[in-house]
Amino acid sequence: MGAPVVFGTGPISVDDLVAVSRDDAIVVLDTPALDRIGAGRAIIDRQTTPVGVGAQGSRPHGPRIPGAAGGRAAPRTATLDVSAVEERVVHDRRGGIGLPLSVDRARAVVAARLAGWTRGASGIRLETAVFVAELLNRGVTPVIPSIGSLGDGDETHLASVATLVIGQGEAVLAGERLPAQVALSRVGLAPLDLAVHEGLAFVHHNAYSLGVGALALHRLGALSRLADTTSALSSRAAARSGRGGRGPAFDATVLAGTPSAGTRASGERISELLATPVGPEGARGGGERDGLRLRATPQINGALADEVTAAVLLIEATLGTASEDPLVDQASGVLRTGGLLHGARLARAFDGLRAAIAHTAAAAERRLRRIDGGGADHRGTGHGLAPGRLGQSAADLVAELRVLATPVVTAGVPDEASDDPASFAGTSLRLLERSTALFADVLAVEAIVAADALGPGEHDEWAVGFSVAHAGLRSAIEQELHGQQLVTAALAALGVDRS
């Protein structure tokens with residue numbers, strides 16, 4: 005468990021969400037955030053003046069709030085059981101299906117919703133926000149079905165969070181799936197009754213797209229850097245076999261001509277890994293240039309890195325704003341409704357990343373084919389230990405990645421007459437996670453093929469980072485594993501968790 009993460013009025017980063025979701029960092033709501041949450045709630049309370057009390061402590065539902073009951077405006081009603089009305093808002097949205105999110109992904113959803121509340125524009129009560137922070141801090145995680153978001157508010161995912169808060173549904177605690185009441189009791193928490201407007205304050209947010217999106221981008225950023233390592237391995241293996249892979253394409257002087265920070269960083273990393281040129285400038289028949297699969301590696305890898313950076317900035321900017329609908333405007337004391345929940349920018353970012361992954365993976369597959377195409381020389385020398393048809397698996401993965409690159413935002417079907425066209429950002433994100441997993445496997449295959457071609461042992465001219473990567477891969481290869489076991493072992497050797 006790392007240092008506590010402060011959820012306040014300042015910026016909340018992707019790294020913050022990763023720390024809370026994966027590393028179980030403690031969440032601290034700072035005083036300015038608590039004050040802002042309380043001020044937003046006070047506006048709701050002022051607009052819900054009682055005009056009568058029913059037998060069960062009923063109150064008027066309050067302001068006319070769009071979407072309070074199945075997408076229709078809820079009329080003012082003299083005496084309603086507020087808790088029952090708010091539970092109806094939540095239960096109406098419990099339509100999610102599919103396998104439950106992993107614990108870290110579910111925690112990311114909870115953390116992203118809590119982060120949104122700190123802006124003070126949701127109308128959530130202070131005690132409810134503190135309760136949800138305690139869910140994270142005490143390790144109680146809602147069971148959240150993975151499918152159901154349209155990308156204009158992740159309502160089905162967030163309904164599962166609200167359901168846990170009221171003591172219904174299921175939760176995971178210390179790896180055990182339990183009824184919500186049992187899980188809460190074990191950590192000393194008692195369920196809450198939702199107050200007026202809190203149903204909407206839970207479900208009207210893109211917390212799934214933001215939270216799980218943050219985890220996906222964190223992993224994809226690591227893979228974009230791993231692509232530089234596998235590219236360096238392939239370049240040296242290609243040079244060793246006389247199939248190209250010369251160093252000048254990665255030279256800082258050459259790369260200074262690009263406006264892309266990702267390209268320059270990629271070229272710098274590859275150069276550091278290679279340490280010394282892998283072949284003379286005039287090699288391969290009178291100065292014939294390498295193919296784009298090798299020569300343009302920094303440009304291809306760097307373009308992916310740039311898109312990841314842009315998506316991270318988008319998520320962090322969204323986390324730092326009051327993306328609520330309806331929005332509690334503290335300046336005027338009025339609830340305002342709009343289209344802030346529409347996830348068009350997130351959907352387009354996730355769509356673009358899948359296309360970038362497909363392109364980067366295709367280049368990796370072409371590089372490994374350059375080393376291992378048809379009949380690899382090293383297999384005839386007796387030190388080729390990796391399965392000879394790994395390249396076919398990489399090609400299979402790239403074919404699927406190309407299909408996954410199809411944009412979702414242009415293909416989404418309308419939901420209801422009042423809610424089309426939806427962005428389907430959640431769908432795009434789910435496909436992005438699939439693409440990311442396949443991309444990791446493609447890079448693992450490239451690394452295995454390159455390390456197999458380079459053979460055992462080290463060389464004095466190799467950089468430390470290159471030698472470490474090569475040694476780890478050789479250890480995996482020499483276990484004579486096959487298929488997915490070998491791929492998983494290779495990723496572990498390169499410091500990447502496949503999950």
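Per this note's numbering, the very first residue in the sequence shown carries number 5; after that it's consecutive. Positions of the beta carbon are idealized from the N, C-alpha and C atoms, including for glycine. Everything numeric in this text was worked out from a predicted model, so none of it was measured.
### Task
Please name the residue, chosen from Leu-435, Thr-440, Ser-427, that lies closest to Gly-155 on a Cα-to-Cα basis.
For this step, residue 155 is matched to residue 151 along the sequence shown. When each option's Cα is compared against that of Gly-155, the closest is Ser-427.
### Task
Give a yes or no on contact between the segment 429-446 and the segment 402-413, applying the rule of three or more CB pairs nearer than 8 Å.
Proximity of the segment 429-446 to the segment 402-413 meets the contact definition, three or more beta-carbon pairs being nearer than 8 Å.
### Task
Give the DSSP bridge partners of Val-176, in chain order.
By one-based count along the sequence shown, residue 176 stands at place 172. Thr-145, Arg-181.
### Task
Note down, in chain order, each residue of its chain lying with its Cβ closer than 7 Å to the Cβ of Pro-36, except the 5 sequence neighbours on either side.
Within the sequence shown, the letter at position 32 stands for residue 36. So the qualifying residues of the chain are Gly-12, Thr-13.
### Task
Starting from Asp-333, follow its DSSP beta bridges and name the residues at the other end.
As a position in the sequence shown, residue 333 is number 329, starting the count at 1. Note: Asp-333 sits in a beta bridge opposite Val-338.
### Query
Based on the DSSP output, what are the partners of Val-31 in its beta bridges?
Position 27 of the sequence shown, counting from 1, holds the residue named residue 31. According to DSSP, Val-31 bridges with Val-9.
### Query
Under the DSSP definition of a beta bridge, which residues are partnered with Leu-151?
Along the sequence shown, one-based indexing puts residue 151 at 147. Here residue 151 is Ile; the residue named in the question, Leu, does not match the sequence. Answer is Ile-101, bridged to Ile-151.
### Message
Report the start-end ranges of each beta strand (DSSP E) in the segment 457-503 that is 3 residues or longer and not cut off at the edges.
### Response
none
### Task
State buried or exposed for Gly-99, treating a residue as buried only when at least 16 other CB atoms are found within 10 Å of its CB.
Sequence index remark: in the sequence shown, residue 99 carries index 95 (1-based). Result: exposed.
### Distance CB(Gly-124)-CB(Ile-16) smaller than 7 Å
As a working mapping, residue 124 is identified with position 120 in the sequence shown. As a working mapping, residue 16 is identified with position 12 in the sequence shown. Cβ atoms of Gly-124 and Ile-16: not closer than 7 Å.
### Task
Output the boundary residues of the alpha helix (DSSP H) element that contains Leu-118.
Translated into the one-based positions of the sequence shown, residue 118 becomes position 114. Looking at the DSSP string, the run of the alpha helix (DSSP H) that includes Leu-118 is 107-121.
### Query
In the structure shown, what three-state DSSP assignment does Asn-305 receive?
The count along the sequence shown starts at 1 and reaches residue 305 at position 301. In this structure, DSSP gives Asn-305 a helical state, which the three-state scheme calls helix.
### Message
Tell me which residues share the same chain as Val-57 and place their Cβ nearer than 6 Å to its Cβ, disregarding the 5 neighbours each side in the sequence.
### Response
Here the question's residue 57 lines up with position 53 in the sequence shown. Confidence is the limiting factor: at Val-57 the pLDDT is only 33, short of 50, which leaves the residue's position unreliable and the question unanswerable from this model.
### Query
In the structure shown, what three-state DSSP assignment does Glu-138 receive?
Working through the sequence shown from its first residue, we reach residue 138 at position 134. Reduced to three states, the DSSP call for Glu-138 is helix.
### Message
Assuming Arg-97 and Val-207 are in contact, meaning their beta carbons sit under 8 Å apart, how far apart are those beta carbons, in whole angstroms?
### Response
On the sequence shown, position 93 is the one that residue 97 refers to. On the sequence shown, position 203 is the one that residue 207 refers to. At roughly 5 Å, the Cβ-Cβ gap stays under 8 Å, so Arg-97 and Val-207 are in contact.
### Message
Check whether the segment 183-202 and the segment 21-39 are in contact - that is, three or more C-beta pairs closer than 8 Å.
### Response
no
### Task
Measure from the alpha carbon of Leu-21 to the alpha carbon of each residue in Leu-103, Asp-85, Arg-117, then state which is nearest.
As a first step, residue 21 is located in the sequence shown; it is residue number 17 there, counting from the start. Checked all of Leu-103, Asp-85, Arg-117; the closest Cα to Leu-21 is Arg-117.
### Message
Within 10 Å of its beta-carbon, does Ala-403 have 16 or more other beta-carbons around it, so buried, or fewer, so exposed?
### Response
Indexing the sequence shown from 1 puts residue 403 at position 399. Looking at its Cβ environment, which holds fewer than 16 other Cβ atoms inside 10 Å, Ala-403 is exposed.
### Query
Expressed to the nearest angstrom, what Euclidean distance is found between the alpha-carbon atoms of Val-147 and Leu-162?
Taking the sequence shown and counting its residues from 1, the one referred to as residue 147 is at position 143. Taking the sequence shown and counting its residues from 1, the one referred to as residue 162 is at position 158. In a straight line, the C-alpha of Val-147 is about 11 Å away from that of Leu-162.
### Task
With a 10 Å radius around its C-beta and 16 neighbouring C-beta atoms as the bar for buried, classify Gly-261 as buried or exposed.
The residue labelled residue 261 in the question sits at position 257 within the sequence shown. Classification for Gly-261: exposed.
### Task
With a cut-off of 8 Å on the beta carbons, I'd call Gly-225 and Gly-127 a contact; round off their distance for me.
Here residue 225 is taken as the residue at index 221 of the sequence shown, counted from 1. Here residue 127 is taken as the residue at index 123 of the sequence shown, counted from 1. Not quite, the Cβ-Cβ distance comes to about 35 Å (not below 8 Å), so this is no contact.
### Query
Taking Cβ to Cβ, would you say Ala-398 is nearer than 7 Å to Leu-227?
For this step, residue 398 is matched to residue 394 along the sequence shown. For this step, residue 227 is matched to residue 223 along the sequence shown. Contact flag unset, no.
### Task
Throw me the rounded Cβ distance for the Ala-451 and Leu-477 pair, which I believe falls under 8 Å.
The residue given as residue 451 occupies position 447 in the sequence shown. The residue given as residue 477 occupies position 473 in the sequence shown. Contact between Ala-451 and Leu-477 holds, since their C-beta atoms are separated by about 6 Å, short of 8 Å.
### Query
What's the gap between the Cα of Val-94 and the Cα of Ala-133?
Stepping through the sequence shown from its first residue, residue 94 is reached at position 90. Stepping through the sequence shown from its first residue, residue 133 is reached at position 129. Here the alpha carbons of Ala-133 and Val-94 stand approximately 17 Å from one another.
### Task
Please report how far the alpha carbon of Val-453 lies from the alpha carbon of Asp-376, in whole angstroms.
What you label residue 453 is simply residue 449 of the sequence shown in a count that begins at 1. What you label residue 376 is simply residue 372 of the sequence shown in a count that begins at 1. Using only the alpha carbons, I get a separation of about 7 Å.
### Query
Going straight from the alpha carbon of Gly-461 to that of Thr-325, what length do you get?
Within the sequence shown, the letter at position 457 stands for residue 461. Within the sequence shown, the letter at position 321 stands for residue 325. The alpha-carbon atoms of Gly-461 and Thr-325 are separated by roughly 53 Å.
### Task
For the alpha helix (DSSP H) containing Glu-159, list its first residue and its last residue.
Along the sequence shown, read from residue 1 onward, the residue named residue 159 stands at position 155. Segment 159-169, the alpha helix (DSSP H) holding Glu-159.
### Query
DSSP state of Thr-52, grouped into three classes?
Along the sequence shown, read from residue 1 onward, the residue named residue 52 stands at position 48. Coil.
### Query
Going by alpha carbons, who is nearest to Leu-433 out of Ser-164, Arg-229, Tyr-212?
Mapped onto the sequence shown, residue 433 falls at position 429. The candidate whose alpha carbon is nearest that of Leu-433 is Tyr-212.
### Message
If you reduce the DSSP assignment to three classes, tell me which class Ala-398 lands in.
### Response
Your numbering for residue 398 matches position 394 in the sequence shown. If DSSP states are grouped into helix, strand and coil, Ala-398 belongs with the helices.
### Message
Tell me the rounded alpha-carbon separation between Leu-401 and Ala-7.
### Response
Taking the sequence shown and counting its residues from 1, the one referred to as residue 401 is at position 397. Taking the sequence shown and counting its residues from 1, the one referred to as residue 7 is at position 3. Roughly 39 Å separates the two Cα atoms.
### Task
Note down the Cα distance separating Pro-104 from Gly-459, rounded to an integer number of angstroms.
Taking the first residue of the sequence shown as 1, we reach residue 104 at position 100. Taking the first residue of the sequence shown as 1, we reach residue 459 at position 455. If I take the Cα positions, the gap works out to 43 Å.
### Message
With three or more beta-carbon pairs closer than 8 Å as the criterion, would you say the segment 227-237 touches the segment 268-277?
### Response
With three or more CB-CB distances shorter than 8 Å, the segment 227-237 counts as touching the segment 268-277.
### Query
By how many angstroms is the C-alpha of Leu-140 removed from the C-alpha of Leu-237?
As a first step, residue 237 is located in the sequence shown; it is residue number 233 there, counting from the start. As a first step, residue 140 is located in the sequence shown; it is residue number 136 there, counting from the start. So the two alpha carbons sit approximately 41 Å from each other.
### Query
Expressed to the nearest angstrom, what Euclidean distance is found between the alpha-carbon atoms of Glu-369 and Ser-87?
Taking the first residue of the sequence shown as position 1, residue 369 is located at position 365. Taking the first residue of the sequence shown as position 1, residue 87 is located at position 83. So the two alpha carbons sit approximately 57 Å from each other.
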